[in-house]
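Visitor: Chains as they are written, first to last, in our numbering: chain W, 963 to 1218; chain E, 963 to 1218.
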DNA sequence: TCAGAAAGTGTCAAGTGTACACTTTTTACT
DNA sequence: AGTAAAAAGTGTACACTTGACACTTTCTGA
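(1) Helix, strand or coil: how does DSSP classify residue 1178 of chain W here?
(2) For residue 1180 of chain E, tell me which candidate among E:1174, E:1170, E:1171 and E:1191 has the shortest Cα-Cα distance.
(3) State the DSSP-derived secondary structure class of residue 1097 of chain W, mapped to helix, strand or coil.
(4) For residue 1078 of chain E, which beta-bridge partners are listed by DSSP?
(5) At a cut-off of 7 Å, would you count residue 1125 of chain E as near the ligand ZN, judging by its Cβ distance to the nearest heavy atom?
(6) Work out the CA separation of residue 1148 of chain E and residue 1110 of chain W for me, nearest whole Å.
(7) By Cβ distance, which residues of its chain are closer than 6 Å to residue 973 of chain W, with the 5 residues on each side in sequence left out?
(8) Can you say whether residue 1098 of chain W is buried or exposed, counting buried as having 16 or more other CB atoms within 10 angstroms of its CB?
(9) Given residue 1112 of chain E, which residues of its chain have a CB within under 6 Å of its CB, disregarding the five upstream and five downstream residues?
(10) Hey, how far is the Cα of residue 1036 of chain W from the Cα of residue 980 of chain W?
(11) Under the rule that 16 or more other beta-carbon atoms within 10 Å means buried, what is residue 975 of chain W, buried or exposed?
(12) My output table needs one value for residue 1103 of chain W: the three-state DSSP class, helix, strand or coil.
(13) Hey, does residue 1042 of chain E have any beta-carbon neighbour from chain W nearer than 8 Å?
(14) Can you confirm whether the region 1076-1086 of chain W touches the region 1128-1141 of chain W when touching is taken to mean that 3 or more C-beta pairs between the two stretches lie within less than 8 Å?
(15) Between residue 1175 of chain E and chain W, is the shortest Cβ-Cβ distance under 8 Å, so that the two count as touching?
(16) Anything in chain W within Cβ reach of residue 1020 of chain E, meaning under 7 Å, just list it in chain order.
(17) For the alpha helix (DSSP H) that contains residue 1113 of chain E, what are its first and last residues?
(18) Identify which residue in W:1071, W:1183 and W:999 has its Cα closest to the Cα of residue 1059 of chain W.
(19) In angstroms with no decimal places, state the Cα-to-Cα distance between residue 1187 of chain E and residue 1175 of chain E.
(20) In chain W, what lies closer than 9 Å to residue 996 of chain E by C-beta?
(21) At 8 Å on the CB atoms, spell out the chain W contacts of residue 1017 of chain E, in chain order.
(22) Helix, strand or coil: which one does DSSP assign to residue 1186 of chain W?
(23) Using a threshold of 8 Å, state whether the C-beta atoms of residue 1086 of chain W and residue 1152 of chain W are closer than that.
(24) Identify which residue in E:988, E:1052, E:1025 and E:1051 has its Cα closest to the Cα of residue 1040 of chain E.
(25) With a threshold of 16 other CB atoms inside 10 Å of the CB of residue 1131 of chain W, please say whether the residue is buried or exposed.
(26) Residue range of the beta strand (DSSP E) that residue 1140 of chain E falls in?
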């Protein structure tokens, strides 16, 4: 069996990248067309974006690089949430064709460090896909079978997101700079998968100090135009990123 | 440079193992004596327990194995909290002697997956140390300079512990089966590094349902004997392990 | 029997969570 | 010009939780 001459041939990063549009939480996936010798058709395989870690970079840099190559964006919210290293995680038959097409050493175990990323999908200009590879936004309840153990990684990322959003003001990463209160509530309802009371939601958000009202309002809507808000970045600076149980007195619980 | 013939020569696990005794939070460290050719004395180096991941095992199994070899215990609370992979993390001069003594390939980067573990230190029979290697319980505010980036890993584990203990009923992993309310409060005060009100603490713990009062009491103490309590394991079964914001109505926030 | 030590207990005021329905503002249509 | 449709925006009352605060009880050992 050939060994790669990299010092770290078997460590990768995978990115679970969430976006939010049309009141739907979406996942950024890579779609690959793998020629199938038997059928002479292409097999379509979906996978999380990821890559092997280079010798010169650390794990965060590798994840940043994957994100930048895919979306063109830098300084994106990125949170490492788990490593996956089961010896059988990439040995399933369904993944063989792809592996052989990209790896020198398809039998080797790959340990992967998984990142969760939140981006404003409106900012993303997906790189135009080649014939064999393309990035697509997939609604999270339509995620198909993915390569390797990527379904499990995705499920864990989603769970991590649900937990984090109740503890830290990170939902804003999924929205544009300016958003309405309804946008924000819709985002929270989607992620937490339940309805929230409109009046209570607004009160809590405003009182918590995490958002600031702008004087600007929507234009061109055929109903009462909503006020825009923006995330109060000073809030984070004052408190650090590890906010637990913010209440008006300094403690924080978004929804019980 | 020689390459190991393992498929995964460069992935390890490191365990940050917390224990609690004499009202002090302690860390289980490995102390190694490394012969120094210049001084003809031994250099003493402390490090987190850890090992390379074997081809046949997954990451959790590797961490379990490290723990079992060190303490003789199985089924211990173990939570993966972060991976560390900076290219320079093991290249500092101070670590050279040790590395050369244990690794075939001291220049290679090692990516490590870090675990936080909580154990009742009374259950641990530390394996009798050889001349060159020995395990010791170190109070967390006396932790010396450690090998590699282990100080950083420890700091992050401590931060993760502080956060987790406010969200999930995991403090019990550090206590014996039966404990007094004062033991429990002392543990929380130590980890959170602040005083808690005795009456409010008791009320909250009892009302939350996470502990059960036993009829048994202390004997042989020279003051009013304290009642024993135990952790209510059914509580976890009913709610799953990811408890956020438990209150009496089902929500949970331990302390604001 | 007395002193020392830690256990154990109750109340009140302020803050927070939750449930709940109508008015306002805008555009589009006739 | 008038009206309908659509979403924005607003207040209150009740129940519960939190947090501050000090004294009594129970045991041992001298």
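Even for Gly, the Cβ is constructed at its ideal location relative to N, Cα and C.
Guide: Reading from the atomic positions:
(1) For the purposes of this step, residue 1178 of chain W is identified with residue 216 of the first chain, where counting begins at 1. Three-state result, residue 1178 of chain W: strand.
(2) For the purposes of this step, residue 1180 of chain E is taken as residue 218 along the second chain, with counting starting at 1. Closest by alpha carbon: E:1191.
(3) Taking the first chain and counting its residues from 1, one reaches residue 1097 of chain W at position 135. In this structure, residue 1097 of chain W counts as strand in the three-state DSSP scheme.
(4) Against the second chain, residue 1078 of chain E aligns to sequence position 116. E:978 and E:1041, per the DSSP bridge assignment.
(5) The ligand ZN is not among the ligands present in this structure, which contains no ligands whatsoever.
(6) Position 148 of the first chain, counted from the start, is the residue given in the question as residue 1110 of chain W. Position 186 of the second chain, counted from the start, is the residue given in the question as residue 1148 of chain E. Each residue's alpha carbon lies about 46 Å from the other.
(7) In the first chain, residue 973 of chain W corresponds to position 11, counting from 1. Answer for residue 973 of chain W: 1015 and 1073, listed in chain order.
(8) Position 136 of the first chain holds residue 1098 of chain W. Exposed, by the Cβ-count rule.
(9) Within the second chain, the letter at position 150 stands for residue 1112 of chain E. Only 1009 and 1010 meet the Cβ criterion.
(10) Counting from one through the first chain, the residue named residue 1036 of chain W turns up at place 74. Counting from one through the first chain, the residue named residue 980 of chain W turns up at place 18. The straight-line gap from Cα to Cα measures roughly 15 Å.
(11) Position 13 of the first chain, counting from 1, holds the residue named residue 975 of chain W. It counts as buried.
(12) One-based indexing of the first chain puts residue 1103 of chain W at position 141. Here residue 1103 of chain W sits in helix by DSSP.
(13) Along the second chain, one-based indexing puts residue 1042 of chain E at 80. At least one CB of chain W lies nearer than 8 Å to the CB of residue 1042 of chain E.
(14) yes
(15) Locating residue 1175 of chain E in the second chain gives position 213, counting from the first residue. Not closer than 8 Å to any Cβ of chain W, the Cβ of residue 1175 of chain E fails to qualify, so no.
(16) Stepping through the second chain from its first residue, residue 1020 of chain E is reached at position 58. Ordered by position in chain W, the residues that pass the 7 Å Cβ test against residue 1020 of chain E are 1047, 1048 and 1049.
(17) The residue you call residue 1113 of chain E lines up with position 151 of the second chain. Its alpha helix (DSSP H) spans residues 1112-1129.
(18) On the first chain, residue 1059 of chain W is found 97 positions in, with the first residue counted as 1. Considering only alpha carbons, the answer is W:999.
(19) If you number the second chain from 1, residue 1187 of chain E lands on position 225. If you number the second chain from 1, residue 1175 of chain E lands on position 213. Between residue 1187 of chain E and residue 1175 of chain E, the C-alpha separation is close to 14 Å.
(20) Indexing the second chain from 1 puts residue 996 of chain E at position 34. Here the premise fails: no neighbours, minimum Cβ distance about 24 Å.
(21) If you number the second chain from 1, residue 1017 of chain E lands on position 55. Near residue 1017 of chain E (Cβ distances below 8 Å), the residues of chain W are 1049 and 1071.
(22) The residue you call residue 1186 of chain W lines up with position 224 of the first chain. If DSSP states are grouped into helix, strand and coil, residue 1186 of chain W belongs with coil.
(23) Residue mapping note: residue 1086 of chain W aligns to position 124 of the first chain, counting from 1. Residue mapping note: residue 1152 of chain W aligns to position 190 of the first chain, counting from 1. Between residue 1086 of chain W and residue 1152 of chain W, the gap from beta carbon to beta carbon reaches 8 Å or more.
(24) The residue labelled residue 1040 of chain E in the question sits at position 78 within the second chain. Measuring from the Cα of residue 1040 of chain E, the nearest candidate turns out to be E:1025.
(25) In the first chain, counting from the first residue as 1, residue 1131 of chain W sits at position 169. Buried.
(26) As a position in the second chain, residue 1140 of chain E is number 178, starting the count at 1. From DSSP, the beta strand (DSSP E) with residue 1140 of chain E extends over 1140-1142.
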